[in-house]
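Engineer: Just so you know, we're using numbering that gives the first Met the number 0 here: the sequence shown kicks off at 0 and counts up by one. Positions of the beta carbon are idealized from the N, C-alpha and C atoms, including for glycine. Here the structure is a predicted model, which means the values were calculated and not measured. The structure is given below, and queries will be raised subsequently.
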Amino acid sequence: MTTFLPSTGRRIILSSGESVEYTDPTTIYETFGDGIDSSGVALSSSDSIEQAAISFVENYLGITSPMGVAYTSGYRTGKMTYAYVKQTDNGVPIANAVANIAWKGDIVVAFGHSFVEKKSAADTSPRIEIPHAISTAELRLNGTHTGHPTKTQYLATSSGHLALVHAVQIENDDLGTHYEAFVDAHSGQLLSLTDFYTVLPTPGGAAPPDGFQVLTDPADKKASPSIIDWPGWHSVSTTSTTTTEGNNVLSYKGDTSSTTSQSSATLNFNYAMDATKTDPADNVDAARVNAFYIANTVHDFLYRYGFTEEAFNFQQYNFNRGGEEGDRVLLSVQHSGLTNNANFVTPPDGQSGKCNLGVWDKTTPKRDGAFANSIIIHELTHGLTNRMTGGGTGHCLQSQEARGLGEGWSDAVADWAFQTSAPIQKFSPGVWVTGDTGRWYPNGTKYSDLRNRTEVHKIGQVWANILHHVNAALVDKYGFSTTAMTNPDGSEGNIVFLHLFIDALALQPVNPTFVFARQAWIQADANRYNGANEELLWTTFAKYGLGVGAANYNDSASVPSHFKPVVTYRGQTKLPPLAHSDICGVAAGWVVIVKVNPQTVVTLFGLVTASWSQKAKAELIDSKQNSKSTVFFDGKDKESLCLDSDSSTKSITWGPFDEQMTVELTFYHKTGVGASWDISAIKADKMKEYLDDDLKTAVTLIPIDDGGHGNQDYQNTTFNVTRMTYVFEE
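In structure tokens, the structure reads:
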């Protein structure tokens with residue numbers, strides 16, 4: 000089991016210059032490798048994902064009245080089942096206290112949640128009516144109400160208070176804003192926002208490398224079927240179209256009725272861009288057609304890898320396959336007022352995603368983002384990641400680090416789509432529109448570079464770089480498929496990559512961190528490929544700082560021993576009982592050595608307890624980075640705890656010993672992040688040899704598994720020399 004604890008929060012700057020704080024409760028994320036037994040209802044014995052999800056969360060977290068759990072969504076795909084729930088208080092949902100559960104068969108393999116312990120809760124009867132809340136939100140956010148129904152619910156604040164709020168959706172297309180505003184239902188104050196917009200700044204995207212081509216019937220009939228005798232890209236339920244309007248995408252300029260019609264009968268759309276035209280408006284038909292084609296292609300290949308109706312994709316009609324319908328992508332080309340930019344709006348499942356593509360003026364003549372295919376792929380990937388993280392709400396990538404991951408995922412899918420053969424080539428999403436923008440993959444970034452990066456696209460470059468290397472490593476190992484977009488059943492590396500990419504999105508929790516996202520990839524491989532790529536993934540992640548001990552933007556190059564890490568909330572190490580003969584004499588007894596991973600910057604505590612028949616005492620050890628703590632148990636009434644010179648020394652006075660003594664060491668992580676430790680023990684008379692770095696005759700303790708709780712028992716006194724790494728998580 001792996002547990003991670005990050006913090007989330009940021010400030011959203013409004014067009015007025017004001018800022019509104021966005022904050023979510025701390026997310027806890029656990030992955031379970033081969034899985035743990037599901038508490039309560041087994042999926043195989045019940046058709047109710049809802050019942051199984053609620054039962055598991057209530058039992059696992061010990062939820063008791065008046066707090067509760069409410070089911071929001073869930074689905075099955077292959078051997079996997081996913082469910083999403085919210086915490087409630089007296090039956091009222093808490094908007095930002097959510098959880099996700101993933102099963103493989105009946106076994107839980109991942110669980111993330113941001114549930115809270117309330118300190119107080121507002122009265123459930125609002126003083127401010129919904130119309131007043133809408134007016135307040137429209138005024139503060141300089142927009143208009145979308146007409147989407149307003150919800151009254153709780154919002155968990157940073158103080159532990161549950162505020163009763165009206166959740167109102169407000170948009171301003173000219174400003175490029177679309178928010179869900181949380182207005183206090185008692186005071187009328189704007190408490191927090193969800194920002195549905197994601198943007199691509201000045202760097203643009205690559206155009207088709209081989210110019211324009213005429214493609215015949217490019218739709219994937221499995222991903223875009225039709226219930227009438229008409230291509231799926233150009234039909235909506237029983238209605239056929241002959242324009243750039245269909246079930247997946249509506250491509251237009253100005254308003255949604257301004258589409259491009261077929262250039263000749265039988266759905267021919269032969270509108271090539273005329274590069275001699277200096278005004279982008281002269282190529283508007285070609286722009287709408289190209290954007291329509293690319294967006295449908297992205298829909299189809301993402302569908303093949305798991306972004307389906309039940310997984311909250313974008314379609315006007317869902318063919319009775321689950322999910323909310325009526326939400327195809329509205330794709331606006333040459334978008335008014337949008338210069339050198341593009342953006343995507345991801346509202347909840349059932350509301351249309353909006354992709355707005357601007358015109359770039361960095362060259363003469365200007366260049367249209369509708370012909371920069373990687374821009375379109377980048378933007379549409381925001382829809383994928385915002386929908387699949389957290390169960391289709393569009394709310395769950397709001398922290399700054401999570402939004403940075405979103406930018407990285409978008410560049411990574413564009414990178415994946417533009418590869419044509421092995422080995423994986425370098426990629427930049429900005430070549431055609433602006434020339435060399437500096438966003439090249441691969442690049443030299445690693446996890447620790449996040450310390451100096453606060454802008455989401457800069458953060459995203461780090462994640463996209465890591466994923467570029469993951470894709471390259473998989474292709475080096477398994478080869479490259481030229482049909483990966485239409486055939487996800489192959490074993491080639493680029494196919495494996497996109498499967499793991501999509502699977503990990505469904506596994507990860509609300510507001511994931513880089514460490515969360517990495518762990519979701521590791522678990523995705525365990526689920527789909529039985530861990531066949533675990534070593535490759537860990538090695539690649541570790542090379543760029545995301546090894547076992549990575550935390551708080553401190554690099555770790557370590558990988559799990561044998562790629563089977565022991566990861567616990569806390570750990571205990573028990574020395575073997577010391578017989579009378581072991582505690583007599585100056586050199587007798589045991590020495591326990593605990594060394595912090597050199598690449599981990601953390602503060603830790605060690606709690607040392609000695610117990611025997613008459614007395615028991617304990618002592619806290621404050622251990623600094625890279626320090627080595629040596630604990631002597633020599634059976635004498637004198638100072639028995641010795642630390643290196645870079646750590647303060649604290650003493651323990653031991654009383655008289657019985658025939659044998661058991662010593663227990665418990666290590667706690669002070670800062671709530673992971674750290675790697677080497678734990679070993681040697682006989683005291685071998686101390687000099689150890690300090691001389693001669694481990695040939697040293698003794699290392701070999702643990703006896705106690706069920707994953709971290710209590711390690713040792714019964715013998717002679718072992719071969721080995722090296723063990725433990726990760727302790729708080």
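Please report the straight-line C-alpha distance between Ala471 and Ala222, rounded to a whole angstrom.
Structural biologist: 27 Å
Engineer: Which class does Leu337 belong to by DSSP, given the choice of helix, strand or coil?
Structural biologist: DSSP places Leu337 in coil when its eight states are reduced to three.
Engineer: Does DSSP put Gln397 in a helix, in a strand, or in coil?
Structural biologist: coil
Engineer: Compute the Euclidean distance between the alpha carbons of Ala505 and Gln460, then round it to the nearest angstrom.
Structural biologist: 22 Å
Engineer: If we ignore side chains and look at the alpha-carbon of each, how far apart do Pro202 and Ala51 end up?
Structural biologist: Since pLDDT at Pro202 reaches only 36, below the 50 mark, its modelled position is unreliable, and the value read off the structure follows with that caveat. Cα-Cα distance, rounded: 46 Å.
Engineer: Considering Cα atoms alone, identify which of Thr176, Leu174, Ser191 is closest to Val182.
Structural biologist: Ser191
Engineer: Among all the DSSP beta bridges, which residues are the ones paired with Asn553?
Structural biologist: Ala550
Engineer: Taking the alpha carbon of Phe313 as the point to measure from, which residue in Ser555, Tyr304, Leu329 has its own alpha carbon closest?
Structural biologist: Leu329
Engineer: Exposed or buried, Ser124, counting other C-beta atoms within 10 Å across all chains shown (16 or more means buried)?
Structural biologist: By the neighbour-count rule (16 or more Cβ atoms within 10 Å), Ser124 is not buried but exposed.
Engineer: Under the rule that 16 or more other beta-carbon atoms within 10 Å means buried, what is Gln86, buried or exposed?
Structural biologist: buried
Engineer: Check whether the Cβ of Gly407 lies closer than 8 Å to any Cβ atom in chain E.
Structural biologist: In summary, chain E is missing from the structure at hand, where a single protein chain is found.
Engineer: Count the other CB atoms within 10 Å of the CB of Ala533; is the residue buried (16 or more) or exposed (fewer)?
Structural biologist: Note on residue identity: the sequence assigns Glu, not Ala, to residue 533. Looking at its Cβ environment, which holds 16 or more other Cβ atoms inside 10 Å, Glu533 is buried.
Engineer: Can you find the residues in the same chain that come closer than 7 Å, C-beta to C-beta, to His381, ignoring five residues on each side of it along the sequence?
Structural biologist: Correct list, in chain order: Thr197, Phe343, Thr345, Gly405, Ser409.
Engineer: Tell me the start and end of each unbroken alpha helix (DSSP H) in the segment 47-115 that is at least 4 residues and wholly inside, in chain order.
Structural biologist: Within the segment 47-115, the complete alpha helix (DSSP H) runs of at least 4 residues are 48-60.
Engineer: Rounded C-beta distance between Asn95 and Pro24? I'm assuming under 8 Å.
Structural biologist: 6 Å
Engineer: With a threshold of 6 Å on Cβ separation, who are the neighbours of Leu337 within its own chain once the five nearest residues in sequence on each side are excluded?
Structural biologist: Cβ neighbours of Leu337 beyond the five flanking positions: Asn355, Gly357.
Engineer: Can you look up Gln152 in the DSSP assignment and give me helix, strand or coil?
Structural biologist: strand
Engineer: Just curious, the beta strand (DSSP E) that Glu170 is in, first and last residue?
Structural biologist: 160-171
Engineer: Is DSSP giving Ala271 helix, strand or coil here?
Structural biologist: coil
Engineer: For a test of the three-state rule: what should DSSP assign to Arg806, helix, strand or coil?
Structural biologist: In the structure as shown, the chain starts at 0 and stops at 729, and residue 806 therefore has no counterpart that could be examined.
Engineer: Considering only DSSP beta bridges, list what Ile35 is partnered with.
Structural biologist: Val107
Engineer: Who are the near neighbours of Asn479 in its chain, counting only those whose CB is closer than 7 Å to its CB and skipping five residues on each side?
Structural biologist: Asn is not the amino acid found at residue 479; the sequence shown has Phe there. For Phe479, where only same-chain residues beyond five positions count, the Cβ hits under 7 Å are Ser420, Ala421, Glu491, Gly492, Asn493.
Engineer: Since Ile179 is in the alpha helix (DSSP H), which residue starts that stretch and which ends it?
Structural biologist: At residue 179 the sequence reads Glu, which differs from the Ile that was named. No alpha helix (DSSP H) contains Glu179, which is instead part of the beta strand (DSSP E) from 176-183.
Engineer: What residues in its chain sit with their C-beta under 6 Å from that of Asn295, if we drop five residues either side in the sequence?
Structural biologist: Trp232, Asn247, Val248
Engineer: Arg303 and Asp348 look like a contact to me (Cβ under 8 Å); what is the Cβ gap, rounded to whole Å?
Structural biologist: In this structure Arg303 is not in contact with Asp348, their Cβ atoms being roughly 20 Å apart against a cut-off of 8 Å.
Engineer: Can you give me the C-alpha to C-alpha distance between Val91 and Gln152, rounded to a whole angstrom?
Structural biologist: 6 Å
Engineer: Could you pull out every residue in the same chain whose Cβ sits closer than 7 Å to the Cβ of Lys769, ignoring the five residues on either side in sequence?
Structural biologist: Residue 769 lies beyond the range of the chain shown here (0 to 729); nothing can be said about it.
Engineer: Could you tell me the alpha carbon to alpha carbon distance between Ser257 and Tyr81, rounded to whole angstroms?
Structural biologist: 39 Å
Engineer: Across which residues does DSSP place His144 in a beta bridge pair?
Structural biologist: Ile169
Engineer: On the DSSP letters alone, give me the boundaries of the alpha helix (DSSP H) that Tyr735 sits inside.
Structural biologist: Examination of residue 735 is not possible in this model, given that the chain is present from 0 through 729 alone.
Engineer: Between which two residues does the beta strand (DSSP E) carrying Ser250 extend?
Structural biologist: 248-251
Engineer: Does the segment 130-137 come close enough to the segment 152-167 that 3 or more CB-CB pairs lie under 8 Å?
Structural biologist: yes
Engineer: Between the Cα of Leu535 and the Cα atoms of Thr26, Gly322, Val558, which residue gives the shortest distance?
Structural biologist: The residue with the shortest Cα to Cα distance from Leu535 is Val558.
Engineer: Please say whether Gly544 and Ser447 have beta carbons closer to each other than 8 Å?
Structural biologist: yes
Engineer: Kindly indicate the opening and closing residues of the alpha helix (DSSP H) around Asn526.
Structural biologist: 513-528
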